[in-house]
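Residue numbers for the sequence shown follow my numbering, beginning at 5 and rising by one.
Let me begin by presenting the structure, written as structure tokens, before commenting on it.
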Amino acid sequence: MSEMEEIKRAIFEVALSPEELERLKRIQEAIMEGWKKQEAS
Numbered sequence: 005m006s007e008m009e010e011i012k013r014a015i016f017e018v019a020l021s022p023e024e025l026e027r028l029k030r031i032q033e034a035i036m037e038g039w040k041k042q043e044a045s
């Protein structure tokens, strides 16, 4: 990861509340699961 990406991510994470971060993680995991299922079929 480039330094710029790390900085952007740090700012992004600070701007979100822990609840919002948790929700984003769950959404990301659901997307990843969906992709895995698509690849398997």
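Think of the CB as a built atom: it goes at the ideal place given N, C-alpha and C, for glycine as much as any other residue.
- If you draw a straight line from the Cα of Gly38 to the Cα of Glu7, it comes to about 30 Å.
- Straight across, the Cα-Cα distance linking Glu33 with Leu25 is about 12 Å.
- Leu28 sits in a helix when the DSSP states are folded into three classes.
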